[in-house]
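A.B. asks: What follows is a single structure, and I will ask about it in a moment.
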Amino acid sequence: MNILYDERLDGAAPQLDKTAIRDSLAQDVPGLTLLHREEDLHPFECDGLSVYRTLPMLVALPETLAQVEQLLKTCHRLGVPVVTRGAGTGLSGGAMPLEHGVLLVLSRFSRILEIDPEARIARVEPGVRNLAISEAASPYGLYYAPDPSSQIACSIGGNVAENAGGVHCLKYGLTVHNVIKVKVLTIEGEHMTLGSDALDAPGFDLLALFNGSEGMLGVVTEITVKLLPKPETAKVLMASFDDIEKAGNAVGSIIAAGIIPGGLEMMDNLAIRAAEDFIGAGYPVEAEAILLCELDGVEADVDDDCETVRRVLEAAGATGIQQARDDAERALFWAGRKNAFPAVGRMSPDYYCMDGTIPRRELARVLKGISDLSEQYGLRVANVFHAGDGNMHPLILFDANTPGELDEAEALGGKILELCVEVGGTITGEHGVGREKINQMCAQFRPDELATFRAAKAAFDPTGLLNPGKNIPTPARCSEFRTIKSAAADPAKQG
Amino acid sequence: MDKTTETPHDHDASESLAERIRQASANGTPLRIVGGDTRGFYGRPTEGEVLSTAEHRGITFYDPVELVVSVRSGTPVAELEDALAEQGQMLPFEPPRFGEASTVGGMVATGLSGPRRPWAGSVRDFVLGVRVIGHEGIEQRFGGQVMKNVAGYDLSRLMVGAQGTLGLLTEVTFKVLPRPGASRSLHLEVSLEEARNRLADWGREPLPISAAAWLEGALHIRLEGGPSSVAATRERLGGDELDENFWPALRDLKLDFFGPGSVSARASDPPLWRLSLPHRTASLGLADAAEDSMIHDWAGAQCWVRSAIDAETLRSACRRVDGHATYLGACEGPGSDEPFTPLPSVLLKYHRNLKAELDPKGIFNPGRLYAAF
């Protein structure tokens, strides 16, 4: 089942007159930059999931809140779908444009409005880059904790839309745990504030509901995030293992010892070799797996914890344990991990990054399952993941120029996600569903649960104009998904 | 689970609860959801047939290594916390108990957190997933038992604090954490102003503070963390030792300030208000409620005040600083019609829409949060 918008499965797209809409927007929204020529639209045809592309009908680049408000009102009146986009670094096609829709690009909303070091908050526009918040807070000894791998480029608005994660999540939480207030515009152009500068707000926790809602409930126009004091110190240990299962068990043992690391990451042999070739981080290339365990906090506690973790790793059968001697070496250890995706990318013309979470106790079973699937599909898979919270990122290597290989990679990815669900996990830990995992939502949720999601959506966007086709599949799509699955399970049904 | 192994402490009543909801839905009968019935003072009174979760009890899954526990909603909070303590773990948000019978369902539905909240997070921050029976009488599962899960809308966290108005919680999965290695509590005699200044300074340093409340002329501080840092910070901050039992008493509103017995025990007391305020709120400028007679918990972000002040005066003062005020107490008093701060009209509209979508017959705790739904 193709990921591109399919009217038969995703609902009829509205019949729109591009010129008339362009004229209406130009008239209703003074000063709005509106791109419409094909060559201007091409840079926006995909987000970070670049294998899937659709040319948007129009691209709007507003500069003021009044413009966004008016644009939404006009689109609402004319029945024009709106897809909101930030930096475009999303990996699940959450900001993939629609042929019959306006792409609302918020990259010009990139001002840090306020850093309040006493209240330890930052108030920012949605287009501000994740890392820019920590940079601005740094002079006050503060930082913003969630750190997606794309943090140098991704925007905070997109982080809210996808409830983005990163290396720090086990200890410091996801985006939803670090955002205290958002201002949103509804599809009808109404202003709403969710959450508050206080620690809670009256009414339903709509702030939690909007985090990770993939731009389908409203357009986020301002975000207030929590800032944390920078830990006094951070130290990292690297442990090598000759067996991936031992590495997996070591993760559980560290947590069982009562320690919550600031970061706990695992890489398999293929990923280790790729990263070492690319960065020269000093990784042991013969190891079947390495664990990177970062402990942060007050110096005395961190030293105590390093000792405990070292003992736990030895008991877990680590073949080597190395503690970074200084911050430079610590940065180098992390550089290999942080660049693992592009490093693996150098080994293959293309790669496809999956994102599923599993209970950690199922790690060995899932890795074995992935290895079997990798053989079955004849495609190599490198494993890099946030071991502390069971969030896996299998990287499927393929060549898009070989006919059929993309389809195979996509099918293999789908099987990996279904395996995650089978062991009690989920099809996405931090990238979101977007278009990419729309089919696998039918594996994770029953029809009545999906109907409840649709009911929640209808409360905010009854005509379904905000980011249609993303996140929650239609009954028609799930029906098709189930038919295909049951046919695959029973070859007699295959035509 | 094998029915023959069930005990009164481990009983799955979800099917009979679902059947009651199907009937209520068919007849349009409003339901008043009750667990241990210890949190009735929090919110508007609800007229409806009592639907009790008290028999729906038991921990269904607990893996200390995964830091995950799943528990049926009628399970007493104390029972859950005891099971976690046996493994050296805890619910980091330190939920208040308003009686031995306080249940997990009530804890989640009201969404109240204890003294550790500003440092550790709130109830919703530790909810990973829920099972909930919706208006059709079908148990549905949202979220899950893993740390990171962004599939679909976050309906599990939406249920926290919704006071049972969107469906019946039958099971909740929490992220739990190890208990801190060391804990010390201090009592420092300083003025409110001085306490505010010190907390602001300390807040920008990575100090192991896990509770801070100013009342009766003194700042009460709890330090939690590694033994080394707790000992060093204890030395640095000075002050006297404070009995650790102070914190559960504050958490459960059992300090003398709150009155004997329960929050709403004495009709003669002025009403009790909970103010939720941004950190570093200097002063609300309220003539009728002297700030040094309040409890300033959460390093000032949650204040408790007993005052006969009228609701609108108090609420506008809070609104000016982006905070809000909640009335707690008996069902009579100046704030009892609207114990929660009224919502702006646009927000109210979307609350009603959401309620109408998820509970079209209006059977789940109608009017519990606001009269409008």
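Chains W and D supply the protein sequences, listed in that same order. Each number in our numbering corresponds to the 1-based position in the first sequence with 8 added. Each number in our numbering corresponds to the 1-based position in the second sequence with 56 added. All C-beta atoms, glycine included, are put in the ideal place defined by N, C-alpha and C.
1. Looking at Lys204(D) and Gly173(W), is the spacing between their C-beta atoms short of 8 Å?
2. Between Phe314(D), Met215(D), Leu107(D), Gly99(D), which lies nearest to Ser72(D) when the distance is taken from Cα to Cα?
3. How about Ile480(W) and Lys493(W): do their beta carbons lie closer than 8 Å?
4. If we ignore side chains and look at the alpha-carbon of each, how far apart do Thr229(W) and Asp299(D) end up?
5. The beta strand (DSSP E) with Gly305(W) in it runs from where to where?
6. I need the straight-line Cα distance from Pro411(W) to Tyr60(W), nearest angstrom please.
7. Determine the burial state of His185(W): buried for a count of at least 16 other Cβ atoms within 10 Å of its Cβ, exposed for fewer.
8. Measuring alpha carbon to alpha carbon, tell me which of Ser115(W), Val113(W), Leu114(W), Ala130(W) ends up nearest Leu121(W).
9. What is the DSSP secondary structure of Tyr291(W), counted as helix, strand or coil?
10. Going by CA-CA distance only, name the one from Ile287(W), Asn138(W), Val136(W) that's closest to Asn347(W).
11. Among the candidates Gly325(W), Tyr152(W), Gly98(W), Leu33(W), whose CA atom is the shortest distance from the CA of Glu77(W)?
12. Applying a beta-carbon distance threshold of less than 8 Å, which residues of chain D neighbour Gly220(W)?
13. Since Asp276(W) and Ser356(W) should fall inside the 8 Å C-beta cutoff, what is the C-beta to C-beta distance between them, to a whole number of angstroms?
14. Say whether chain D places a C-beta atom closer than 8 Å to the C-beta of Glu416(W).
15. Hey, does Ala139(D) have any beta-carbon neighbour from chain W nearer than 8 Å?
16. If we cut at 8 Å on Cβ distances, does Ser44(D) have a partner in chain W?
17. Who are Thr221(D)'s beta bridge partners in DSSP?
18. Would you verify that the beta carbon of Asn409(D) is, or is not, closer than 8 Å to some beta carbon of chain W?
19. Going straight from the alpha carbon of Leu202(W) to that of Ala459(W), what length do you get?
20. Can the beta-carbon of Gly377(W) be found less than 8 Å from the beta-carbon of Ile404(W)?
21. Taking a Cβ distance cut-off of 7 Å, strictly less, list which residues of the stretch 107 to 127 of chain W are near chain D, in chain order.
22. Are the C-beta of Ser158(W) and some C-beta of chain D separated by less than 8 Å?
23. Would you decide whether Gly503(W) is buried or exposed? Buried here means 16 or more other CB atoms lie within 10 Å of its CB.
24. Classify Asp285(W) as helix, strand or coil using the three-state DSSP reduction.
25. Nearest-angstrom Cα distance between Lys445(W) and Gly197(W)?
26. Does Asn391(W) come out as helix, strand or coil in the three-state DSSP assignment?
27. With burial defined as no fewer than 16 other Cβ atoms inside 10 Å of the residue's Cβ, what is the status of Lys26(W): buried or exposed?
28. Count the other CB atoms within 10 Å of the CB of His65(D); is the residue buried (16 or more) or exposed (fewer)?
29. Are any of the Cβ atoms in chain W nearer than 8 Å to that of Glu413(D)?
30. Taking 8 Å as the cut-off, does the stretch 258 to 273 of chain W touch the stretch 230 to 250 of chain W (at least 3 CB pairs, one atom from each stretch)?
31. Under 8 Å, do Phe154(D) and Arg88(D) count as touching if we go by C-beta distance?
32. Between Leu99(W), Ala451(W), Gly472(W), Gly442(W), which has its C-alpha nearest Phe349(W)'s C-alpha?
33. Measuring alpha carbon to alpha carbon, tell me which residue in Thr471(W), Pro292(W), Gln159(W) is nearest Thr83(W).
34. With DSSP collapsed to three states, give me the class of Tyr98(D).
35. So, is the C-beta of Asp469(W) closer than 8 Å to a C-beta in chain D?
36. Just to make sure I have the definition right: I need the residues of chain W whose C-beta is within less than 7 Å of the C-beta of Pro334(D). Which are they?
C.D. replies: Let me lay it out:
1. yes
2. Leu107(D)
3. no
4. 47 Å
5. From DSSP, the beta strand (DSSP E) with Gly305(W) extends over 297 to 305.
6. If you take the alpha carbons of Pro411(W) and Tyr60(W), they lie about 16 Å apart.
7. buried
8. Nearest of Ser115(W), Val113(W), Leu114(W), Ala130(W) to Leu121(W), Cα basis: Ala130(W).
9. coil
10. Ile287(W)
11. Leu33(W)
12. In chain order: Val206, Tyr209, Asp210.
13. Not a contact, Cβ separation roughly 15 Å.
14. no
15. No, because no Cβ of chain W sits closer than 8 Å to the Cβ of Ala139(D).
16. The requested residue 44(D) does not occur in the structure, where chain D is confined to residues 57 to 429.
17. Note: Thr221(D) is not bridge-paired with any residue in the DSSP secondary-structure output.
18. yes
19. Spanning the two alpha carbons is a distance of roughly 25 Å.
20. no
21. Pro125, Glu126, Ala127
22. Ser158(W) is outside the set of residues whose beta carbon lies under 8 Å from a beta carbon in chain D.
23. In this predicted model, Gly503(W) has a pLDDT of only 41, less than 50, meaning its place in the structure is not dependable; the value taken from the coordinates is given anyway. It is exposed - the Cβ of Gly503(W) has fewer than 16 other Cβ atoms within 10 Å.
24. helix
25. 29 Å
26. strand
27. exposed
28. exposed
29. yes
30. yes
31. Cβ distance not < 8 Å, so Phe154(D) and Arg88(D) don't count as in contact.
32. Of the candidates Leu99(W), Ala451(W), Gly472(W), Gly442(W), the residue whose Cα lies closest to the Cα of Phe349(W) is Leu99(W).
33. Reading off the sequence, residue 83(W) comes out as Cys, not Thr. Closest in C-alpha terms to Cys83(W), from the list Thr471(W), Pro292(W), Gln159(W), comes Thr471(W).
34. coil
35. no
36. Those are Ala127, Asp205, Ala206, listed as they occur along chain W.
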